[in-house]
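According to the numbering used here, the stretch in the sequence shown is residues -15 to 92, in order.
Even glycine gets a Cβ: it sits at the ideal position worked out from N, Cα and C.
None of these values were measured; they are calculated from a predicted model.
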Amino acid sequence: MRLPRSLAPVTVAVALTLCLPYEATPHARVAEPFGSECRTRVQGSHVIAYCHNPNAAMDRVRLHIECARWWDLDTDSAPVDTGPAVTVRLTGRCWKEVRSVWVSHQRP
-15 MRLPRSLAPV
-5 TVAVALTLCL
5 PYEATPHARV
15 AEPFGSECRT
25 RVQGSHVIAY
35 CHNPNAAMDR
45 VRLHIECARW
55 WDLDTDSAPV
65 DTGPAVTVRL
75 TGRCWKEVRS
85 VWVSHQRP
């Protein structure tokens, strides 16, 4: 049986790839899980966030608060390093209402 000319190079390439040892073939890199799981709670003008890091990698978390009033200053907490299996508590507040809250994650 003779293969058409357009399939011959493809067949040879596949056959050579299958003959390579396992170590010589490229592998997809599996990313290590990263990031703490955070819960935020707003009560009036006060904000509390609990962040738990279930992963082996260190996570640096910060609480960001955007206030509703134009004259009320938005705040960012100091970064806190969260080690493996550690839970941290972050707090902050506005003078009046809170518009939005989020937690950022960074590798130390």
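With 16 other Cβ atoms within 10 Å as the buried cut-off, status of LEU47
Position 63 of the sequence shown, counting from 1, holds the residue named residue 47. Counting the other CB atoms within 10 Å of its CB gives LEU47 a total of 16 or more, which places it among the buried residues.
Return the bridge partner residues of GLU50 from the DSSP annotation.
Within the sequence shown, residue 50 is the residue found at index 66, counting from 1. Paired residues: SER84.
Identify every residue that forms a DSSP beta bridge with GLY19.
Numbered from 1 along the sequence shown, position 35 holds the residue referred to as residue 19. In the DSSP output, where bridge partners are listed per residue, GLY19 has none listed.
So, at 7 angstroms on beta carbons, what are the nonlocal neighbours of ALA8 in its own chain, with the 5 sequence-adjacent residues on each side left out?
Against the sequence shown, residue 8 aligns to sequence position 24. With a pLDDT of 49 at ALA8, under the threshold of 50, the modelled position of that residue is not reliable, and the figure given next carries that caveat. Cβ neighbours of ALA8 beyond the five flanking positions: none.
At the level of alpha carbons, what is the spacing between GLU50 and ASP43?
Along the sequence shown, read from residue 1 onward, the residue named residue 50 stands at position 66. Along the sequence shown, read from residue 1 onward, the residue named residue 43 stands at position 59. Each residue's Cα considered, the two are about 23 angstroms apart.
Per DSSP, which residues does ASN39 bridge with? Please list them.
Counted from its first residue, the sequence shown places residue 39 at position 55. Per DSSP, none; premise fails for ASN39.
Should the stretch 20 to 30 be regarded as contacting the stretch 68 to 86, the criterion being three or more beta carbon pairs within less than 8 angstroms?
yes
So, for LEU74: in the same chain, excluding its five sequence neighbours on each side, which residues have a beta-carbon less than 6 angstroms away from its beta-carbon?
Reading the sequence shown from its first residue, position 90 is the one you call residue 74. Cβ within range, chain order: ALA33, LEU47 and SER61.
With respect to the beta strand (DSSP E) encompassing ASP65, which residues constitute its N-terminal and C-terminal limits?
Locating residue 65 in the sequence shown gives position 81, counting from the first residue. 64 to 66 is the span of the beta strand (DSSP E), which, as asked, contains ASP65.
If you follow the beta strand (DSSP E) that LEU74 is in, where does it begin and where does it stop?
In the sequence shown, the residue the question calls residue 74 occupies position 90. Where LEU74 is concerned, the enclosing beta strand (DSSP E) stretches over 70 to 77.
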